[in-house]
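For the record, the sequence lines run as chains A and B.
When you number the first sequence by the working numbering, it's gap-free, plus one each residue, and the end is 528.
When you number the second sequence by the working numbering, it's gap-free, plus one each residue, and the end is 528.
Worksheet: the structure to be examined is printed underneath.
Protein chains: 2
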Amino acid sequence: MREADIQNGEAAATIGALATPALLLDMDRLDRNLDRLSSRMAARGVVLRPHMKTAKSIDVARRAHRSGPGPITVSTLAEAEHFAGHGFRDITYAVGLAPHTAERAMRLRKAGIDIKVLLDSPEQAAMLGAAGRIAGVTPSTFVEIDCDGHRGGLTATDLKLVVVAAALAEADVKLAGILTHAGESYSLCAPEALVAAAENERAVAVAAATTLRAAGHECPIVSVGSTPTAYFAEDLTGVTEMRAGVYMFFDLVMHGVGVCTTDDIAISVLATVIGKKPEKGWILVDAGWMALSRDRGSAAQRVDQAYGLVCDLAGKIYPDLIVSQASQEHGILAIRSGSAQALPDLSIGAKVRVLPNHACATASQHELYNVVSGGSSAIGAQWPRMRGW
Amino acid sequence: MREADIQNGEAAATIGALATPALLLDMDRLDRNLDRLSSRMAARGVVLRPHMKTAKSIDVARRAHRSGPGPITVSTLAEAEHFAGHGFRDITYAVGLAPHTAERAMRLRKAGIDIKVLLDSPEQAAMLGAAGRIAGVTPSTFVEIDCDGHRGGLTATDLKLVVVAAALAEADVKLAGILTHAGESYSLCAPEALVAAAENERAVAVAAATTLRAAGHECPIVSVGSTPTAYFAEDLTGVTEMRAGVYMFFDLVMHGVGVCTTDDIAISVLATVIGKKPEKGWILVDAGWMALSRDRGSAAQRVDQAYGLVCDLAGKIYPDLIVSQASQEHGILAIRSGSAQALPDLSIGAKVRVLPNHACATASQHELYNVVSGGSSAIGAQWPRMRGW
Numbered sequence: 140m141r142e143a144d145i146q147n148g149e150a151a152a153t154i155g156a157l158a159t160p161a162l163l164l165d166m167d168r169l170d171r172n173l174d175r176l177s178s179r180m181a182a183r184g185v186v187l188r189p190h191m192k193t194a195k196s197i198d199v200a201r202r203a204h205r206s207g208p209g210p211i212t213v214s215t216l217a218e219a220e221h222f223a224g225h226g227f228r229d230i231t232y233a234v235g236l237a238p239h240t241a242e243r244a245m246r247l248r249k250a251g252i253d254i255k256v257l258l259d260s261p262e263q264a265a266m267l268g269a270a271g272r273i274a275g276v277t278p279s280t281f282v283e284i285d286c287d288g289h290r291g292g293l294t295a296t297d298l299k300l301v302v303v304a305a306a307l308a309e310a311d312v313k314l315a316g317i318l319t320h321a322g323e324s325y326s327l328c329a330p331e332a333l334v335a336a337a338e339n340e341r342a343v344a345v346a347a348a349t350t351l352r353a354a355g356h357e358c359p360i361v362s363v364g365s366t367p368t369a370y371f372a373e374d375l376t377g378v379t380e381m382r383a384g385v386y387m388f389f390d391l392v393m394h395g396v397g398v399c400t401t402d403d404i405a406i407s408v409l410a411t412v413i414g415k416k417p418e419k420g421w422i423l424v425d426a427g428w429m430a431l432s433r434d435r436g437s438a439a440q441r442v443d444q445a446y447g448l449v450c451d452l453a454g455k456i457y458p459d460l461i462v463s464q465a466s467q468e469h470g471i472l473a474i475r476s477g478s479a480q481a482l483p484d485l486s487i488g489a490k491v492r493v494l495p496n497h498a499c500a501t502a503s504q505h506e507l508y509n510v511v512s513g514g515s516s517a518i519g520a521q522w523p524r525m526r527g528w
Numbered sequence: 140m141r142e143a144d145i146q147n148g149e150a151a152a153t154i155g156a157l158a159t160p161a162l163l164l165d166m167d168r169l170d171r172n173l174d175r176l177s178s179r180m181a182a183r184g185v186v187l188r189p190h191m192k193t194a195k196s197i198d199v200a201r202r203a204h205r206s207g208p209g210p211i212t213v214s215t216l217a218e219a220e221h222f223a224g225h226g227f228r229d230i231t232y233a234v235g236l237a238p239h240t241a242e243r244a245m246r247l248r249k250a251g252i253d254i255k256v257l258l259d260s261p262e263q264a265a266m267l268g269a270a271g272r273i274a275g276v277t278p279s280t281f282v283e284i285d286c287d288g289h290r291g292g293l294t295a296t297d298l299k300l301v302v303v304a305a306a307l308a309e310a311d312v313k314l315a316g317i318l319t320h321a322g323e324s325y326s327l328c329a330p331e332a333l334v335a336a337a338e339n340e341r342a343v344a345v346a347a348a349t350t351l352r353a354a355g356h357e358c359p360i361v362s363v364g365s366t367p368t369a370y371f372a373e374d375l376t377g378v379t380e381m382r383a384g385v386y387m388f389f390d391l392v393m394h395g396v397g398v399c400t401t402d403d404i405a406i407s408v409l410a411t412v413i414g415k416k417p418e419k420g421w422i423l424v425d426a427g428w429m430a431l432s433r434d435r436g437s438a439a440q441r442v443d444q445a446y447g448l449v450c451d452l453a454g455k456i457y458p459d460l461i462v463s464q465a466s467q468e469h470g471i472l473a474i475r476s477g478s479a480q481a482l483p484d485l486s487i488g489a490k491v492r493v494l495p496n497h498a499c500a501t502a503s504q505h506e507l508y509n510v511v512s513g514g515s516s517a518i519g520a521q522w523p524r525m526r527g528w
């Protein structure tokens, strides 16, 4: 209720009465998205460890784990502390370790949270061992594996893999397993390329685990994940857990990749028409990049959605109407270049909903989710988001 | 103190001890930037109405108006309410009006705040008049003028200008004046083009005011502004006030435009090294787009700074070291393509500072400013930012 309370003295009862811009979450779509990946992983005997970096919401985490707190992934220690404070105890912090994060994570471990961290060097292994000794706990960590040159991690054939594992043993740190992320899959759209990316992620992960086991190390968890590979994987043999985040909400980039329809996209930004420039084919709305984010992830895809695809208040897409430009608090709606569609006739004060390029980025611009369901315009709940580091 | 309190139990005393990523504000540079534009406008007899959308901080607003609350511009009504709550009473809300914002602005007016709004249609004039009647106040508004096709507003020769002014009179709304914004100046870098953009902004604004006055309307305020034109204007005859925001902090885009040096950039993002990939020429840090924003404003400039230019902890630039890629919580530092510079030798845990592309966007990703001054690493203060709509 916080944002609406501050703004209006009382919470808006329907989306039509909401001060804009505002973030909407369609709970039916959320639940459908959650169930879809959950069923897929259950059928394969693979643990699903949802990445909370997208939603950053305890309410969403609870819907992802309806039978009680289960395993989660986080991108910041602030998230780890937040979810731990709400009963989640099995947490993977999937960002490379530094001295201050090692200390902070070990404080959580001391408090009884099974937090597992991530590293890829003997230097970090020693640092984590020291933080564990200071806190009086045995740390647990993944070794990061690089499956596609996307970011950090060791390749499966890098001899350093065994060196790092030995450094962990030396530093009295438990090796939780190996972790990899097929980040390059976001740039694909051909099904065969996505299937290959998923199989590569699996094969590299299993190869790394095999190397460690051959060297005498236990490697209980083989963790892979990205929303595209979670859906395009045809075989997950040897994989024990899947991490994904954006699958909960989906977005236009994921639509461009081919893992969802626009009807699966669970979040949208509610905006109000504040001006018109018919001579330019423009409608101005009060959602600029502050409400939509600067993310232009679809720019590199087959269909560039500019700053988002525009729907009416009920969520029906206006064909080819996009947020063509964005400044801080202004969005310019226009018909996509080359389209024969007509600009809809919207008056000052009319409301629209914008489907975002990138759910993680757009949601992060907002304090809370205005939750709707069943096609109703009533706001059923307001779910706060956490932020910061 | 909020963020640091939550994270560490106590506020960090020096930037070296701060949990990262974190936003730093160099107060000496801030003050120098504030004084520079303030003196320039005072010398020309033009009122400076700082745009608070960049800083969103009461502490920064107070430094911009050291002798007490003065005129400000805001981009959201949440800002208007925030600054009004801290004693600022002369506020321009420079975003086109809709019914719900008209009502909300008139509640502020009823509370004694001289809030001026913005519109460009008879429809909005009637709407504002109605909101004023309901609140029992006389609204005051600018008519928005379009000087460069950037966004909303009427052209100076549009006959609708007089129609809107007549509609205001009809609706018992006070015409505060005309307001224009040379938003296209951000895409320029040649001094002669910038001088021309500033002169065009002035000339269009004055022409619009002249048209209104000739039709018998008082038009007391002639308000122009953007940071580039504020600096490149050679003549401000007929202009009564200047609005600018990013001049307080500056950023790499403004450096590319040519209105500041990198030594003028007052904010930076503190980050920690969390991984290395020497074979790729990469250093990984814990500042991704969540800390830096997705803004890539320099991409269209002569020098593309990717996601930011990297400095050491003391603020000295590493030549040609940029944040070449960013994911949510990861930044990849690399030497700019084509440069012969060597990658600096930074260990895990080492700290760097990143100069941002766009101060408004980067600052908006953070809860507070960690304020430093005098070249000291001590954190002198922590200034909260406000957010939301």
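Cβ atoms here follow ideal geometry from the backbone N, Cα and C, with glycine treated the same way.
Practice prompt. Note down, in chain order, all residues in the stretch 487-513 of chain A with a beta-carbon under 7 Å from any beta-carbon belonging to chain B.
Written response: I487, G488, C499, A500, S503, E506
Item to complete: Can you have a look at E331(A) and say buried or exposed, based on whether 16 or more other CB atoms are within 10 angstroms of its CB?
Response: exposed
Worksheet item: What are the residues that DSSP puts in a beta bridge with Y457(B)?
Response: BP columns for Y457(B) are empty, so no partner.
Discussion item. List, in chain order, every chain A residue whose beta-carbon is nearer than 7 Å to that of V408(B).
Written reply: Under the 7 Å cutoff, chain A gives no residues; its nearest Cβ is about 11 Å from V408(B).
Worksheet item: I404(B) and F388(B): beta carbons closer than 8 Å?
Response: With contacts defined as CB atoms closer than 8 Å, I404(B) and F388(B) qualify as a contacting pair.
Practice prompt. Find the nearest neighbour of E309(A) within the set E262(A), I474(A), V392(A), judged by alpha-carbon distance.
Written response: Looking at the Cα atoms, E262(A) is the closest of the given residues.
Worksheet item: With 16 other CB atoms within 10 Å as the buried threshold, where does V385(A) fall?
Response: Buried is the call here.
Worksheet item: Just reading off the beta strand (DSSP E) that V279(B) is part of, what are its end residues?
Response: It is Ser, not Val, that sits at residue 279(B) in the sequence shown. 279-284 is the span of the beta strand (DSSP E), which, as asked, contains S279(B).
Worksheet entry | Boundaries of the beta strand (DSSP E) in which T231(A) is found, first to last residue | 229-235
Practice prompt. Would you mind reading off the limits of the alpha helix (DSSP H) that contains C450(B)?
Written response: No alpha helix (DSSP H) contains C450(B), which is instead part of the beta strand (DSSP E) from 448-450.
Worksheet item: Between the beta-carbon of G377(A) and the beta-carbon of V345(A), is there less than 8 Å?
Response: yes
Worksheet item: N496(A) by DSSP, collapsed to three states: which one?
Response: coil
Worksheet item: Does A152(B) have its Cβ less than 8 Å from a Cβ in chain A?
Response: no
Worksheet item: Looking only at DSSP bridge pairs, what is D190(B) linked to?
Response: Residue identity check: residue 190(B) is His in the sequence provided, not Asp. DSSP lists T212(B) as partners of H190(B).
Worksheet entry | Residues from the stretch 390-416 of chain B in contact with chain A, defined by Cβ distance under 9 Å | T411, V412, I413, G414, K415, K416
Worksheet entry | Beta-carbon proximity list for A265(A), same chain, < 7 Å, skipping 5 on both sides | A306, A310
Worksheet item: How is the beta strand (DSSP E) around A410(A) delimited, first residue to last?
Response: 406-416
Worksheet item: Which chain A residues sit within Cβ distance under 7 Å of T215(B)?
Response: E468
Practice prompt. Report yes or no: do three or more beta-carbon pairs, one from the stretch 360-375 of chain A and one from the stretch 309-327 of chain A, lie closer than 8 Å?
Written response: yes
Worksheet item: Where do the ends of the alpha helix (DSSP H) carrying L164(B) lie?
Response: Counting along the chain, L164(B) falls outside any alpha helix (DSSP H), though it belongs to the beta strand (DSSP E) covering 161-165.
Discussion item. Please tell me whether L460(B) and P160(B) are closer than 8 Å, where the distance is taken between their beta carbons.
Written reply: no
Item to complete: Can you pull the chain B residues whose beta carbon is under 8 Å from the beta carbon of A234(A), in chain order?
Response: For clarity, residue 234(A) is Val in the given sequence; the question names Ala instead. By Cβ distance, chain B contributes I413, D425, E468, H469.
Worksheet entry | Given 8 Å, three or more beta-carbon pairs between the stretch 428-440 of chain A and the stretch 241-248 of chain B | Look at the beta carbons and you see the stretch 428-440 of chain A not touching the stretch 241-248 of chain B: under three pairs across the two are nearer than 8 Å.
Practice prompt. Look at the Cβ atom of A274(B), then the Cβ atom of R248(B), and state whether they are nearer than 8 Å.
Written response: Yes, Cβ-Cβ distance for A274(B) and R248(B) is below 8 Å.
Worksheet entry | R141(B) versus L163(B) - alpha carbon distance | Its pLDDT being 37, under 50, R141(B) is placed unreliably in this model, and the value from its coordinates should be taken loosely. The straight-line gap from Cα to Cα measures roughly 15 Å.
Discussion item. Within 8 Å of any Cβ in chain A, is that where the Cβ of D484(B) sits?
Written reply: no
Worksheet item: Is the shortest distance between the beta-carbon of Q263(A) and the beta-carbons of chain B less than 8 Å?
Response: yes
Worksheet entry | Distance, D259(A) Cα to I422(B) Cα | 13 Å
Worksheet item: Between C399(B) and the rest of its own chain, which residues show a CB-CB distance below 6 Å, the 5 nearest in sequence each way excluded?
Response: Sequence-distant Cβ neighbours of C399(B) in its own chain, meaning closer than 6 Å and more than five residues away, are F389, M393.
Practice prompt. Tell me whether A336(A) is buried or exposed, calling it buried when 16 or more other Cβ atoms sit within 10 Å of its Cβ.
Written response: buried
Fill in: Neighbouring residues, chain A, relative to G259(B) (Cβ below 8 Å)
According to the sequence displayed, residue 259(B) carries Asp and not Gly. Near D259(B) (Cβ distances below 8 Å), the residues of chain A are G414.
Fill in: Between the CA atoms of M381(A) and A372(A) - distance to the nearest angstrom
11 Å
Worksheet item: Closest by CA to H190(B), which one among V510(B), V511(B), A520(B), A498(B)?
Response: Ranking the options by Cα distance to H190(B), first place goes to A498(B).
Worksheet item: Do you know how far the Cα of R341(B) is from the Cα of R524(A)?
Response: 44 Å
Worksheet item: Among N496(A), T294(A), A481(A), which has the Cα closest to the Cα of Y325(A)?
Response: N496(A)
Worksheet item: In chain A, what lies closer than 9 Å to A473(B) by C-beta?
Response: Near A473(B) there are no residues of chain A at all, since even the closest Cβ is about 12 Å away, more than 9 Å.
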